[in-house]
Amino acid sequence: MVGDKGFAIFESFFSPQKCDNFIDAIKQYLSNNYDSVYSIFHIDLIVPEVEEFLNTPQLTNFIEDFMQCKSVLVSSGLYLRGSETIPHNDAVRISSEPQNKLIHVWISLDDILPTNGPLFYYPYSHNRKSLSLKDRMKVSNLIFKGENNSDYFINQNLDDPDNEKFLGQELELELKDFDFKKNVRETFLGKKGDIMISDGRLIHGGHKILDYSKNRPALIGFYLPKDEKNYYFSDYPKTLINRTADCPRKSLSPIVKLRNYSDENLNLITPERVIKSEVAVKNIFEFLNKNHFKVELSSVGQDIITYVCKIYHNKWPEAVGYGKGKTQPQSMASAMFESLEHLICRGDMIDESKRIAISVHSALKEWTCYPEEILFNNKDNHDPFHWDIFERYLNKHEKLLVPSFVIDSPGGAPSEIIKYNMGGAFSNSGTATGSTFEETALHSLNELIERDSFSLLLLETFCREKPKNLRIIDKETLPQNLQELLRISEMEVGYSMTLINMTSDLQVPSVTCFGPGVEEMEKPFLGFGCSPSAEYAIERAILENVQCWHGYHGLKIFNVEEKQMVLNTIIELPGLKKCLKQNYQNAIDQGFYEIIHFSELSNISKKIFNIHESSFSTSEVLSKIIEILEKNSMKVFVKTLFQDNNSGIICLKTIVRELEVFYLITSGLLPVPGKRGRTALSS
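Here the UniProt record's numbering is used: position 130 in the sequence shown is 130, and no number is missing along the way.
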């Protein structure tokens, strides 16, 4: 009825002024109760403006075009707050015969934010076979009376609890075969006046409300074919008679629901973040909105949710970010920040006036440069191109000059990379976006150290004649909260996960989490985590493993052609193929492992970083990590790529030249192991 996906979205269908006038009419009806009302069902029966709004020819013509027949409004609802409803479809309670058609219309009366409980839905979910309400009733103890369209009703007593039971059972049966873990869930972030028209069988629901300070008014209408037998099942205790929907619903009582909201459960702050995830989502969405970005949010998963954020701007190509977290706000914030980060580290939004244009020859004579070895191969080139200037974290007078395409991964103008033979120099590793400078700097350093540890793990496990023992963390020694997270995560993906302690001599807890992959991937599902907090490092590794699984099964982001291209890169280097396949289980089967207690990691957090719980001072642990690096003769250089003074949002790129980058082998590049890598091979 509404296209292959089961829905259609029309922007600016109603004017903002028409929406404002409608809200004014609702406020007048509700008097002083507007801010305390959660929803009103059958509101068209008592507020003439609603009936007029939902039956305007501008809308009904669209609906009847989708239905291919005349329609009738059978129910309405006004939500002034997010519904927070679980996934369901409306065909369970409203249907028609013989074609069983139902159209659901959702109208944004104000701009919808990710934080105020937007609508979510599962594209294509309407394609499943669905019984009509009458057919459902035939196999239940509830019966119909009457024989014509005007007086069908359900035998239902006011105090009979079977009403709720019936609907609950039918919804469970309707959705039992739907795989919520693998199907993508999209979010409708409508602007004022936008509408979404969907098939009544489309599975949808309401996101949790993360910010209670702003209403989210939306008007809903349900439409059935006018010339068919239509059935409407009401589950509201005040409704005694449930008439068919094509007759006047004078016997139905509008239901006004009030709700007292509390945000007491939304006070969790993610470790290494300085503000709540809900506030971070609100801030970055407002920033993107203010700067004329269009934001699309989708997600996949049931108990652990992976979010995808796509941002669009008429100046630049789209940017995509993926997010993970124990809670949906964490995952959503992570995806939104990453999408902005990916936009910035392409070179978009960077102030080019702060770059310099000189040749490699001049740069090597006058500056300390990075990456030295690749630049040295081009030392005789006198053609100028763009460079970025980095400052040492502890001494701003000490500078580091870096080709701009190293920052703009995958790299400024591709012609520059080819011309100067610098392929493989670029990487967005060490780039991070956050709410404050210290938070972002810590995140960027953790990423660099994590990838250094991963590089050493690859070299020690797959590139030595005798692999170094993998340090497997005994899952039974984990704290109870991590055991519970692991249990939920393993249920989500359907396999047992193995945790490897890959912490290097730098003594910043770093963990790999792997589980059996699929034949097409030729490698396991993997997740990585690094943090001064051992608990948070493991949490991140577990959640990233689930994200990897979601990416393959739900988001379909695994690229077979890309995998083959990577394999072709090293086809004449069979030893390095082991690094691509990362078969840790094979090393374990050969006996190259040892079991360790979680305390081996947690003691590092306690003794070195003075962390005794999951929360800690961002500034203190950041200073400690820089101190560790400096003691190992590693200088930290940083550059602010972007900063918004109003929101505080900042994007940084951090470079530590001495850290190992051999992990780039997994992307099809051929990096030569650095000093740390060569030590790992020879020790």
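Glycine included, every Cβ here is placed at the ideal spot set by N, Cα and C.
Treat the numbers as computed from the prediction; the structure is a model and nothing was measured.
- In the structure shown, the three-state DSSP call for Cys651 is strand.
- Nearest Cα to Glu286 within the set Thr654, Ser647, Leu670, Ser504: Ser647.
- Put simply, of Leu442, Phe462, Asn545, Gln483 the residue whose alpha carbon is nearest the alpha carbon of Val508 is Leu442.
- Distance from the Cα of Ala357 is smallest, within the candidate group Asp388, Ala335, Ser125, Leu131, for Asp388.
- For Gly529, no alpha helix (DSSP H) encloses it; the enclosing beta strand (DSSP E) starts and ends at 523-530.
- Shown here, His104 sits in a strand according to DSSP, grouped into three states.
- The closest CA to that of Lys468, considering only Ala587, Gly82, Val281, Glu49, is found on Ala587.
- Counting of Cβ neighbours within 10 angstroms places Asp211 among the buried residues, the total reaching 16 or more.
- In summary, Ile86 is exposed, with fewer than 16 beta-carbon neighbours lying within 10 Å of its beta-carbon over all protein chains present.
- When only Cα atoms are considered, Ile628 and Leu506 end up about 7 angstroms apart.
- The straight-line gap separating the alpha-carbon atoms of Gly221 and Pro16 is approximately 19 angstroms.
- Spanning the alpha carbons of Ala280 and Pro225 requires a straight line of approximately 45 angstroms.
- For Leu485, the three-state secondary structure derived from DSSP is helix.
- Inter-segment contact for the segment 624-642 and the segment 329-336 is absent: fewer than three beta-carbon pairs are separated by less than 8 angstroms.
- Among the bridge pairs identified by DSSP, Ile595 is matched with Ile472.
- Cα atoms of Tyr393 and Val274: separation of roughly 20 angstroms, rounded to the nearest angstrom.
- Contact annotation: the segment 591-600 touches the segment 465-481, with at least three C-beta pairs closer than 8 angstroms.
- Taking C-alpha positions only, Thr461 is separated from Tyr584 by approximately 8 angstroms.
- Note that the C-beta distance between Thr640 and Ser444 is not below 8 angstroms.
- A residue is called buried once 16 or more other Cβ atoms fall within 10 Å of its Cβ, and Phe525 is buried on that count.
- For Gly323, the beta-bridge partners assigned by DSSP are Tyr307.
- Across the set Glu49, Arg216, Pro271, Asn127, the C-alpha of Asn127 shows the shortest separation from the C-alpha of Ser198.
- Annotation: the continuous alpha helix (DSSP H) that includes Ser444 extends over 437-462.
- Taking a contact as a CB-CB distance under 8 angstroms, the pair Glu660 and Leu486 does not count as one, their CB atoms being some 29 angstroms apart.
- Taken through DSSP and simplified to helix, strand or coil, Lys399 comes out as strand.
- In this structure, DSSP gives Leu119 an extended state, which the three-state scheme calls strand.
- For the beta strand (DSSP E) assignment, the uninterrupted runs of no fewer than 3 residues enclosed by the segment 177-220 are, from N- to C-terminal side, 185-188, 195-199, 204-206.
- If you ignore the 5 residues before and after Val518, its C-beta comes within less than 8 angstroms of the C-beta of Tyr552, all in its own chain and listed in chain order.
- With a cutoff of 8 angstroms on beta-carbon distance, Arg185 and Ser298 are scored as near each other.
- Here Arg392 is bridged, per DSSP, to Asn395, Phe637.
- Of the residues assessed, Pro516 falls on the exposed side of the cut-off, its CB having fewer than 16 other CB atoms within 10 angstroms.
- With a cut-off of 8 angstroms on Cβ pairs, the segment 173-182 is not in contact with the segment 101-118, counting fewer than three such pairs.
- Scanning its chain for C-beta atoms nearer than 7 angstroms, with the 5 sequence neighbours on each side dropped, one finds around Trp549 the residues Val493, Phe525, in chain order.
- A contact between stretches requires three or more CB pairs, one per stretch, nearer than 8 angstroms, and the segment 527-541 meets this requirement with the segment 598-606.
- Annotation note: the segment 347-396 contains the following uninterrupted beta strand (DSSP E) runs of length 3 or greater, listed N- to C-terminal: 356-358, 385-392.
- Here Cys513 carries a strand assignment [DSSP, helix/strand/coil].
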